[in-house]
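Undergrad:
Residue numbers (the UniProt record's numbering): 1 to 391.
#1: What runs of the alpha helix (DSSP H), each 4 residues or longer, lie entirely inside the stretch 65 to 128?
#2: Does residue 50 pass the burial test, meaning 16 or more other C-beta atoms within 10 Å, or should it be called exposed?
#3: Counting along the chain, where does the alpha helix (DSSP H) carrying residue 169 start and finish?
#4: Can you tell me the Cα-Cα spacing of residue 208 and residue 291, whole angstroms?
#5: Rounded to a whole number of angstroms, what is the C-alpha to C-alpha distance between residue 363 and residue 354?
#6: Just the C-alpha distance for residue 192 and residue 100, rounded to the nearest angstrom, thanks.
#7: Quick one: Cα of residue 167 to Cα of residue 373, how far?
#8: When the Cα of residue 177 is compared with those of 125, 220, 204, which residue comes out closest?
#9: Note down the Cα distance separating residue 79 from residue 86, rounded to an integer number of angstroms.
#10: Here's a check: name, in chain order, each residue in its chain whose Cβ is nearer than 6 Å to the Cβ of residue 140, leaving out the five neighbours to either side.
#11: Tell whether a beta-carbon distance below 8 Å holds between residue 61 and residue 108.
#12: Whose C-alpha, out of 194, 172, 25, is nearest the C-alpha of residue 306?
#13: Got a sec, what are the start and stop residues for the alpha helix (DSSP H) residue 153 sits in?
#14: What does DSSP give as the partner residues of residue 47 in its beta bridges?
#15: Which same chain residues, not among the five before or five after residue 198, have their C-beta less than 6 Å away from its C-beta?
#16: Taking the alpha helix (DSSP H) that residue 357 belongs to, which residues open and close that run?
#17: Between which two residues does the alpha helix (DSSP H) harbouring residue 210 extend?
#18: Less than 8 Å separating the beta-carbons of residue 130 and residue 371?
#19: What do you reckon, are the CB atoms on residue 301 and residue 63 nearer than 8 Å?
#20: If we ignore side chains and look at the alpha-carbon of each, how far apart do residue 345 and residue 179 end up?
#21: Going by C-alpha to C-alpha distance, which of 134, 160, 132 sits closest to residue 145?
#22: Below 8 Å between beta carbons: does that hold for residue 298 and residue 104?
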């Protein structure tokens with residue numbers, strides 16, 4: 001399913017009316033679609049948080065949490081002894097990465113726990129509000145229609161019962177709207193902090209690491225050349241020891257002596273050192289590939305993540321404003337129904353009816369978001385059965 005950007009939300013004009021207030025939680029889609037027949041695979045039907053921006057943000061978090069989480073794990077995964085063969089031109093780069101990369105992992109992991117996952121829960125809270133709104137507004141409209149029946153007057157049992165029902169449901173919705181508004185405010189604060197910390201520290205540091213890595217190893221060919229030089233040097237040392245051994249053996253045979261054994265020991269030692277050097281540089285090469293891949297994963301996603309978090313900041317700021325607006329509208333309805341004749345309230349009944357249907361759509365799509373919103377690791381996916389693979 002393709003995803004919509006939250007730009008769709010941000011480009012909207014000021015929202016007016018009950019139905020338009022509900023539509024703020026949707027990205028795209030047909031406003032007249034039957035809420036009971038929504039196709040979850042239709043990219044036009046998208047809950048506000050189920051956006052491309054949210055996916056980009058999660059990609060960055062995943063890239064960061066692929067980094068070692070502590071300095072000790074960094075040293076264990078990327079041996080300084082091995083990698084110093086590459087970093088001899090910048091002897092402080094290793095220690096700089098050992099500090100920066102685990103810090104980025106920890107920040108991203110905390111953000112995953114404290115913001116990304118609660119965002120899914122917030123989607124559920126909005127969905128629950130939408131469910132109540134769709135159900136309650138239908139009942140409110142019915143009660144208002146009763147209050148507006150010809151000859152209906154305040155004080156009659158039927159009028160007062162309908163009014164009590166309206167007041168009760170509006171109070172519930174107002175309380176619920178305030179709760180969700182507060183959660184949107186918390187989310188806005190979390191996103192703001194993450195954006196500030198990432199821009200002011202992590203972005204600068206990952207750019208610095210990338211610059212210094214490219215200076216000592218500009219590209220793959222440069223790395224291969226350096227590896228080959230170290231391998232050739234090790235092989236040359238072994239070949240040199242072998243030639244010395246062979247020469248001494250020949251001398252010993254000609255002179256009838258057996259004093260060449262010490263050179264055999266020297267050759268075996270040189271051979272072992274050479275093999276160790278080749279194994280070491282091969283391991284270091286693989287470690288360097290892994291390290292640069294991890295850094296590239298962070299570098300390639302950090303800018304999109306910052307753009308995404310900026311958009312989502314505005315989204316939650318707008319949602320907070322929208323819930324405040326919804327509360328105000330609900331309060332207005334409560335004050336309006338104090339008049340004697342409901343037909344004189346000039347309440348937008350059609351708009352309320354449309355809003356009830358839109359809230360139902362929001363509820364359905366928020367449920368989809370709760371089950372699909374988190375970006376999962378491919379290795380966590382269930383294996384396909386053999387018959388599924390063949391299909």
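Idealized CB from N, CA, C, for every residue including glycine.
TA: Concretely, from the data shown:
#1: 71 to 77, 80 to 83, 93 to 111
#2: buried
#3: 157 to 197
#4: 15 Å
#5: 14 Å
#6: 21 Å
#7: 36 Å
#8: 125
#9: 12 Å
#10: 166, 169
#11: yes
#12: 194
#13: Note, residue 153: premise wrong, no alpha helix (DSSP H); not H, not E.
#14: 26
#15: none
#16: 349 to 372
#17: 203 to 216
#18: no
#19: yes
#20: Any reading at residue 345 must be qualified, since the residue scores a pLDDT of 44, below 50, and its modelled position is unreliable; the value itself is stated next. Straight-line Cα distance between these residues: approximately 28 Å.
#21: 160
#22: yes
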